[in-house]
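Position 32 of the sequence shown, counted from 1, bears residue number 34 in the numbering used here, the numbering being contiguous throughout.
Below: one structure, written as structure tokens.
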Amino acid sequence: MVCQRVDLPGGGSAIVCGPRQRKRKCVNCRRPAGLLCDWKVKTKKSGTCDAPICDRCTHVPAPDKDLCPKHGAEWRARQAGRDPQVVRQPAE
3 MVCQRVDLPG GGSAIVCGPR QRKRKCVNCR RPAGLLCDWK VKTKKSGTCD APICDRCTHV
63 PAPDKDLCPK HGAEWRARQA GRDPQVVRQP AE
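Written out as structure tokens, the structure reads:
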């Protein structure tokens, strides 16, 4: 069991004990992972891939979007097949 001191609003503190949480490791390099893949997966309850990834292995296609190496490669392949001159029209 691991115990931590937690600072509370208003200046108080508390000691919280519980089971040790395992640190997630990157699916690519096994380093500590602080991010999860945001690729949409309809079959998952969360709606996204959620593979743990580190800062070095993430692919960032847009702000606040992180993709694991597998889905980053898929995103790049889709982008390569797209004509950059085609502009999407907003749905009416």
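Don't be surprised by glycine CBs; every beta carbon is placed ideally from N, CA and C.
- Following the DSSP letters along the chain, one finds K72 inside the alpha helix (DSSP H) bounded by residues P71 to A82.
- Here A53 has V29, C39 and C70 as same chain residues with Cβ atoms under 6 Å from its own Cβ, once five neighbours each way along the sequence are excluded.
- DSSP, read as helix, strand or coil, puts S15 in strand.
- DSSP, reduced to helix, strand and coil, places A35 outside both helices and strands of the structure shown, so it counts as coil.
- The shortest C-alpha to C-alpha distance from V4 to any of G74, R22 and S15 is the one to R22.
- Close CB contacts of L10 within its chain, under the 7 Å cut and outside five residues either way in sequence, are with A16 (chain order).
- Under the three-state reduction of DSSP output, G20 falls in the strand class.
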